[in-house]
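Colleague: My questions will all concern the structure given below.
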Amino acid sequence: AQSVTQLGSHVSVSEGALVLLRCNYSSSVPPYLFWYVQYPNQGLQLLLKYTSAATLVKGINGFEAEFKKSETSFHLTKPSAHMSDAAEYFCAVSRQAGTALIFGKGTTLSVSS
Amino acid sequence: KAGVTQTPRYLIKTRGQQVTLSCSPISGHRSVSWYQQTPGQGLQFLFEYFSETQRNKGNFPGRFSGRQFSNSRSEMNVSTLELGDSALYLCASSLAGPVAGELFFGEGSRLTVL
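This is the structure in C-alpha cells:
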C-alpha cells in the first residue's frame, strides 16, 4: 500500500531562513507526488506536483521540491521564509491516475520575526 | 468563478443521530472527493465520485456513505454518529480526478458529536 511520512509535525524558522519540510513516500510503482498547503480555517491549496516530467518541481509562492527516487523522498524547500508562509503543509501520493490521493499527517510551519 | 462550497459550515449532533453534508463543486468539475480531517489522524480519504459513480473508497465503516448527482453536486451521510466522528469534513473537486487535475478544496464542514 502506498503511504507518505512527513518527518516533523512542527517546524519553526526565522523570517528569511531556509524552509525544509520533509516527505518520504512508499509506493510499489513510480508515484505521483503533491504538496498542499492549508491556512487557518481554510481548505487545502495545491503548491506543486510531480508527475515524472522533471525531478525538480517549482510551485507557487517560491516553493520547490525535488523528487529523489533513490531516497524515496520529495522534500519541500523555500530559500527564504516569509511570515505569510506560516501554515500547515501536507505531502500526498497517488499510485496512478484515477486513484485517490493519500495525504501525510502534515507539518505545521511557524515563522518568527 | 465560484469555488467549492460546503454546507453547513458548522454543526453539532448527538451520538446516534445521522448527518448529511453537502458539496457543490466548481462548475465543470466532474470529480468530487471527500476527506475527514482530525488532529490525531490527519487527512483520511473517504471516497471519490466521478460522473455519479463511486470510483474510489477509503477504509471507513459502512456508516459513511455518499452519492453524486447529475449536476456533480455531492452529499455524504454519516449514520449512527459516534464521538469519534467529530472532525472537519473536506470536499474537493477536480476536472477529471485528483491526479490528472488539481484538487480544489472547500473550507469544510466542522462536525461536533456530543
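Protein chains in written order, with my numbering: chain A, 5 to 117; chain B, 361 to 474. Note that the Cβ used here is the ideal one computed from N, Cα and C, for glycine as well.
Quick test of your reading: A:I64 and A:L51, contact by CB under 8 Å. State the CB separation rounded to the nearest angstrom.
Modeller: Mapped onto the first sequence, residue 64 of chain A falls at position 60. Mapped onto the first sequence, residue 51 of chain A falls at position 47. Correct: roughly 6 Å between the Cβ atoms.
Colleague: Restricting to Cα atoms, I'd like to know which of B:F429, B:D445 and B:S454 is closest to B:Q397.
Modeller: The count along the second sequence starts at 1 and reaches residue 397 of chain B at position 37. Ranking B:F429, B:D445 and B:S454 by Cα distance to B:Q397 puts B:D445 first.
Colleague: In the DSSP assignment, the beta strand (DSSP E) including A:M87 goes from what residue to what residue?
Modeller: Indexing the first sequence from 1 puts residue 87 of chain A at position 83. No beta strand (DSSP E) holds A:M87; DSSP gives it neither H nor E.
Colleague: Give me the chain B residues within the contact set of A:F94, using Cβ-Cβ distance strictly less than 9 Å, ordered along the chain.
Modeller: As a working mapping, residue 94 of chain A is identified with position 90 in the first sequence. Near A:F94 (Cβ distances below 9 Å), the residues of chain B are G402 and L403.
Colleague: Grouping DSSP H, G and I as helix and E and B as strand, with all else coil, what is B:D386?
Modeller: Locating residue 386 of chain B in the second sequence gives position 26, counting from the first residue. For clarity, residue 386 of chain B is Ile in the given sequence; the question names Asp instead. Note: B:I386 maps to coil in three-state DSSP.
Colleague: Output the residue ranges of the alpha helix (DSSP H) runs that lie fully inside the segment 32-66 of chain A and measure 4 residues or longer, sorted by chain position.
Modeller: Correct list: empty.
Colleague: Counting only beta-carbon atoms, is B:F465 nearer than 7 Å to chain A?
Modeller: Mapped onto the second sequence, residue 465 of chain B falls at position 105. It does; some Cβ of chain A falls within 7 Å.
Colleague: If you measure from the beta carbon of A:A85 to each beta carbon in chain B, is any gap under 7 Å?
Modeller: In the first sequence, the residue the question calls residue 85 of chain A occupies position 81. It does not; no Cβ of chain B falls within 7 Å.
Colleague: Mapping the DSSP letters down to three states, classify A:K73 as helix, strand or coil.
Modeller: Position 69 of the first sequence, counted from the start, is the residue given in the question as residue 73 of chain A. DSSP places A:K73 in helix when its eight states are reduced to three.
Colleague: Check the Cβ of A:A58 against every Cβ in chain B and list those closer than 7 Å, keeping chain order.
Modeller: Numbered from its first residue, the first sequence carries residue 58 of chain A at position 54. Here the premise fails: no neighbours, minimum Cβ distance about 17 Å.
Colleague: Tell me the rounded alpha-carbon separation between B:V392 and B:S432.
Modeller: As a position in the second sequence, residue 392 of chain B is number 32, starting the count at 1. As a position in the second sequence, residue 432 of chain B is number 72, starting the count at 1. Spanning the two alpha carbons is a distance of roughly 8 Å.
Colleague: Here's the rule: buried if 16 or more other CB atoms are within 10 angstroms of the residue's CB, otherwise exposed. What is B:K417?
Modeller: Here residue 417 of chain B refers to the residue found at position 57 when the second sequence is read from its first residue. By the neighbour-count rule (16 or more Cβ atoms within 10 Å), B:K417 is not buried but exposed.
Colleague: Evaluate contact between the segment 82-93 of chain A and the segment 21-29 of chain A, counting only Cβ atoms and requiring at least three cross-stretch pairs below 8 Å.
Modeller: yes
Colleague: Check each candidate in B:A452, B:R470 and B:E462 and name the one with the smallest Cα separation from B:E344.
Modeller: Outside the shown range of chain B, which is 361 to 474, sits residue 344 of chain B, and nothing can be said about it.
Colleague: Below 7 Å CB to CB, which residues in the same chain sit around A:Y93 once its five sequence neighbours on both sides are set aside?
Modeller: Taking the first sequence and counting its residues from 1, the one referred to as residue 93 of chain A is at position 89. L25, W39, V41, L80, G110, T111 and L113.
Colleague: Give the interface partners of B:E442 over in chain A, defined as CB-CB distance under 7 Å, in chain order.
Modeller: Position 82 of the second sequence, counted from the first residue, corresponds to residue 442 of chain B. Ordered by position in chain A, no residue passes the 7 Å Cβ test against B:E442, which lies about 22 Å from the chain.
Colleague: Could you tell me the boundaries of the beta strand (DSSP E) in which A:A21 lies?
Modeller: To locate residue 21 of chain A, count along the first sequence from 1; it is residue 17. Premise fails: A:A21 is in no beta strand (DSSP E) and is neither H nor E.
Colleague: Here's a check: name, in chain order, each residue in its chain whose Cβ is nearer than 7 Å to the Cβ of B:G376, leaving out the five neighbours to either side.
Modeller: Numbered from its first residue, the second sequence carries residue 376 of chain B at position 16. Within the same chain, B:G376 has close Cβ partners T440 and L441.
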